[in-house]
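See below for the structure under consideration.
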Amino acid sequence: MPKKVALLIGVSECGTQIPPHSHAANNVAAMQRVLQDTNLGGFDRVESLINPDLETMQKAIQQAFAKCGKKDLALLFFSGNVIIDQDAHLYLTTSLTAKNDFQSTAVPGNFLQQELAVCDAERQIVILDCCYGAALEQTWLKERVGIKLHQELGAPGRAIITSSTATQTSFEPEGGSLSLYTQYFIEGLETGAADRDGAGLIYLRELHNYAKGKVQQVNPQIEPDIILNEKEVDILLTLLLNQDPNYDLEAEYRKIESKYFKIVENYERLGETSNVVTQTLIKKQRTFGLSIDPEEPDDLSSDQEIDYTRLRDLLKAGEWEEADKETLVVILKAANRAQEGYLNIDSIENFSCTDLHTIDQLWIKYSSGQFGFSVQKEIWRGIGGEFGQYDNALYEEFGLRVGWRDRSGLMLLGRWKKHEDLSFSLTWAPVGHLPSLASGKLMKFDQLNFWGIRSDFYARMEACWV
1 MPKKVALLIG VSECGTQIPP HSHAANNVAA MQRVLQDTNL GGFDRVESLI
51 NPDLETMQKA IQQAFAKCGK KDLALLFFSG NVIIDQDAHL YLTTSLTAKN
101 DFQSTAVPGN FLQQELAVCD AERQIVILDC CYGAALEQTW LKERVGIKLH
151 QELGAPGRAI ITSSTATQTS FEPEGGSLSL YTQYFIEGLE TGAADRDGAG
201 LIYLRELHNY AKGKVQQVNP QIEPDIILNE KEVDILLTLL LNQDPNYDLE
251 AEYRKIESKY FKIVENYERL GETSNVVTQT LIKKQRTFGL SIDPEEPDDL
301 SSDQEIDYTR LRDLLKAGEW EEADKETLVV ILKAANRAQE GYLNIDSIEN
351 FSCTDLHTID QLWIKYSSGQ FGFSVQKEIW RGIGGEFGQY DNALYEEFGL
401 RVGWRDRSGL MLLGRWKKHE DLSFSLTWAP VGHLPSLASG KLMKFDQLNF
451 WGIRSDFYAR MEACWV
C-alpha cells in the first residue's frame, strides 16, 4: 500500500548575525497536526525536528525518505532562515549556522537535491517557509533578482513551494503564532476552503493558490511561488467531507459515499492512480464490493462505430488542445451532426451512452481525474445547477469555476474566453477546464444556445450514469 511520509524541520535559533525565526517551531507543530490527521493530510509517518545541528539535520534528511517506495509521497517542510551564496546556491540554516561560516554549518541545497534524487518516491513535495533576511544585507545579493530554485532543487515529479521570493523576507505577522503562508496553507486544507470548485478534492497547486491569494491580501508585495513541472500530474493531497456545521451530516455522509462510489468507478478503469486516491479506494473497496485492476486496457467501445484511437493517443501524450478539438469531432460524428457542426437537443437526448462513457473515461484516466465531462457535471451540480436548466447567472458562475470566463472586463460577452485562450496545461488549468466542446465555428462560449446544449448534455450524462 502506498505511504505518505513527511519530515518537518524548524530552525528558530541560529548562530551569530542571523536573526531568530520566531514562528518556526509553531509552523512545524501546526503542519504536523494537519498532516497526521486522517481526515486531512492522512500521512502515515510524520517526523519533526526542532533546532538541529548540521549532522543531525543531514542524517534526518537521509533517513526520512530512504525506505520510500515508487508509489509513495515524500514531503519535506523547512521553516527557518535560508542563506544564498554569491553563486545563487541556497543553504538551509541549522542551530549552529553563523553568518561568517555558513558554508560549513548549514545544509547546502545540493545535499538536499542529492538525497531526494536517490529517494524512490515518484511524487515529492518541498515546502520552504523561509526568511532570506540574513542574506539580504550582502550587496552582491541585492543585484540578483532571486535564486534559481528550479535548477537548484527541481526534478520531474517534484513540486517546490516557497513562501516568498529570494529577495523578500517571509512575512511574520505581529501577534500571530504562525508565519503567514503556513497559516493559510493549513487553513485551506483544514477548512476545505482551498477546494474552490467544490469537487471535494484538494490538489497541491490549488492549496498553494489559496494560500498565496490570502497572503497577498495581507501584503501584496509578498510573492509565494510554486514550481511544478508542466508535464507532471498535479499532486492530490486529500478528499474532503464538508465540515460546515450547518449541513445535515447524515445527508452529507450519503453524498460523500456517492462521490466515493463514482471515484471508485472512474479510477478502477485507470492504469495508474495517485497516492491519495489509491489509499482512499483501498479503504472503500470492501464497502462497495469493487476491485481495481491497474492493468485493464482502455475501453474504446462505440455504438456508432467511432474510432477513438486518436483521442486516446492525444490524451495519453498530454496534447490537451488537440485532444479537445478531437473530442468535438468524435462527438459530432457519434451524434450524426458532423455536417451541421453543432449539437441540438434531439441529438443529445439520443446520444449513445456507450460512446459518452468511452469519451469521459479517457479524459478522466489521462488527466488523473482533473478533466472530464463527469467532473464538469459535478461542478455544475455543486453550484446549484439543474439538468436541462437555463440560467444565465449559473452559466457565468460555472464559467468562472472552470476557467472559461475572465474575471475582468466591462462587456459581458467580452468576458468569455476564445478557445485559443484556454489553458491547455494540466498544471495550470482549473479542475473541469476540459473538454470544452468550444473549438468549432458554431460552438462558442458566448452563444446562448451553447449553454442550453451544455445543460442538456449533463442531463444526458446523468441518464447514462456517467
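For the sequence shown, the working numbering gives the first residue as 1, with consecutive numbering after it. Cβ atoms here follow ideal geometry from the backbone N, Cα and C, with glycine treated the same way. Keep in mind the model is a prediction, meaning the values are calculated, not measured.
Residue i - containing alpha helix (DSSP H), residue span
{"i": "D355", "result": "C353 to Y366"}
{"i": "R33", "result": "A24 to Q36"}
{"i": "I379", "result": "F373 to G382"}
{"i": "R401", "result": "N392 to V402"}
{"i": "R123", "result": "Where R123 is concerned, there is no enclosing alpha helix (DSSP H), although the beta strand (DSSP E) it sits in stretches over R123 to C131."}
{"i": "K316", "result": "T309 to K316"}
{"i": "V466", "result": "V466 -> no alpha helix (DSSP H), and no H or E assigned at all."}
{"i": "V431", "result": "It is not in any alpha helix (DSSP H) - V431 carries neither H nor E in the DSSP assignment."}
{"i": "M443", "result": "Note, M443: premise wrong, no alpha helix (DSSP H); not H, not E."}
{"i": "D324", "result": "W320 to A334"}
Element boundaries [beta strand (DSSP E), containing residue i]
{"i": "P82", "result": "One point to set straight first is that residue 82 is Val, not Pro, in the sequence displayed. L73 to I84 is the span of the beta strand (DSSP E), which, as asked, contains V82."}
{"i": "A6", "result": "K4 to G10"}
{"i": "Y342", "result": "Where Y342 is concerned, there is no enclosing beta strand (DSSP E), given that its DSSP letter is neither H nor E."}
{"i": "V46", "result": "R45 to I50"}
{"i": "T162", "result": "R158 to T162"}
{"i": "Y184", "result": "Note, Y184: premise wrong, no beta strand (DSSP E); alpha helix (DSSP H) at L180 to T191."}
{"i": "Y91", "result": "L90 to L92"}
{"i": "I226", "result": "D225 to L228"}
{"i": "Y203", "result": "L201 to Y203"}
Own chain, CB closer than 8 Å to residue i, minus 5 neighbours either side, in chain order
{"i": "A193", "result": "E187 and Y210"}
{"i": "W140", "result": "Low per-residue confidence applies at W140: pLDDT is 40, beneath 50, and the placement is therefore not dependable, though the value from the model is reported in the following sentence. Contacts found: Q86."}
{"i": "V329", "result": "A338"}
{"i": "N344", "result": "R337 and I453"}
Beta-carbon proximity list for residue i, same chain, < 7 Å, skipping 5 on both sides
{"i": "G372", "result": "D360, W363 and I364"}
{"i": "E321", "result": "F424"}
{"i": "H21", "result": "V11, S12, S79, G80, N81 and C131"}
{"i": "V46", "result": "A6, L8, Q32, L35 and Q36"}
{"i": "Q376", "result": "V402 and G432"}
{"i": "W416", "result": "G399, W404, R405, F445 and D446"}
{"i": "C464", "result": "C353, L356 and H357"}
{"i": "F185", "result": "L207 and A211"}
Beta-carbon proximity check, residue i vs residue j, cutoff 8 Å
{"i": "H208", "j": "I160", "result": "no"}
{"i": "R310", "j": "E326", "result": "yes"}
{"i": "I127", "j": "F65", "result": "no"}
{"i": "L54", "j": "T94", "result": "yes"}
{"i": "A98", "j": "F43", "result": "no"}
{"i": "T358", "j": "S301", "result": "yes"}
{"i": "D456", "j": "I379", "result": "no"}
{"i": "F387", "j": "E462", "result": "yes"}
{"i": "D324", "j": "S439", "result": "yes"}
{"i": "I84", "j": "L90", "result": "yes"}
{"i": "I61", "j": "G154", "result": "no"}
{"i": "L394", "j": "G382", "result": "no"}
{"i": "D129", "j": "N27", "result": "yes"}
{"i": "L40", "j": "L178", "result": "no"}
{"i": "I125", "j": "L201", "result": "no"}
Other residues of its chain near residue i: CB distance less than 6 Å, five sequence neighbours each side excluded
{"i": "P430", "result": "V402 and G403"}
{"i": "F171", "result": "Low confidence applies here, because F171 scores a pLDDT of 49, under 50, leaving its location unreliable and the question unanswered by this model."}
{"i": "K333", "result": "I306"}
{"i": "L270", "result": "Below a pLDDT of 50, predicted positions are generally treated as unreliable, and L270, at 45, falls in that range; no measurement from the model is reported."}
{"i": "S163", "result": "D129, S170, Y181 and P224"}
{"i": "K255", "result": "Interpretation of K255 is limited by its pLDDT of 47, a score under 50 that renders its predicted location unreliable; the figure taken from the coordinates is listed afterwards. Excluding positions up to five away in sequence, the list is empty."}
**Asked** Is there contact between the stretch 27-39 and the stretch 105-115, where contact requires at least three CB pairs shorter than 8 Å?
**Response** Taking 8 Å as the limit for Cβ pairs, the verdict is that the stretch 105-115 does not touch the stretch 27-39.
**Prompt:** Within the chosen definition, does the stretch 399-408 reach the stretch 329-343 through at least 3 CB pairs nearer than 8 Å?
**Reply:** The stretch 399-408 is not in contact with the stretch 329-343.
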